[in-house]
């Protein structure tokens, strides 16, 4: 690699996967590998809520403060894939770059929509207004995986 290569700054894109276990009982081997939600989620709403994040948006409302100002909070999400296999839901985020806790805050909003505690319009409002309204739900870190970094 050239001397100018930087593992983080030279990345052209990343894919993150978030796993949710939606069933009354979490299998022991899934502990700390998936977010356990005993109540069922509306898959159709989950998928529709996820699609709201696709495209170029200012993600200020869906990022946490790391203690320093970001140069820009505008990011592009190329695609979001939602899959269900039995009780396991996976949400994959393919984007050019991500802010601190951005994926976990997006998953929190998606789950709130799928459980009827938030509307899709509220997600759009957060993206448009760049301000998180009300209590934000940060999904647990245990379900988040970095799948791929593209250079």
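In my numbering, the protein residues as written are 15 to 165.
In this text, a Cβ means the ideal position worked out from N, Cα and C, and glycines have one as well.
Query	Result
Quick one: what does DSSP say residue 140 is sitting in, helix, strand or coil?	helix
Restricting to runs no shorter than 3 residues, where is the beta strand (DSSP E) found entirely within the region 31-94?	49-51 and 69-72
Helix, strand or coil: which one does DSSP assign to residue 100?	coil
I need the DSSP call for residue 161, collapsed to helix, strand or coil.	strand
Identify the residues that DSSP records as bridge partners of residue 110: which are they?	For residue 110, which the question treats as bridged, DSSP gives no partner whatsoever.
Spatial neighbours of residue 38 within its chain, please: CB distance less than 8 Å, with the 5 preceding and 5 following residues excluded, ordered by chain position.	52
If contact is defined by three or more beta carbon pairs under 8 Å, each pair taking one atom from either stretch, is the region 116-128 in contact with the region 69-78?	yes
For residue 94 versus residue 125, is the C-beta spacing smaller than 8 Å?	no
Ordered along the chain, which non-local residues of its own chain (more than five positions away) have a Cβ less than 6 Å from that of residue 97?	104
When DSSP builds the beta bridges, which residues end up paired with residue 27?	164
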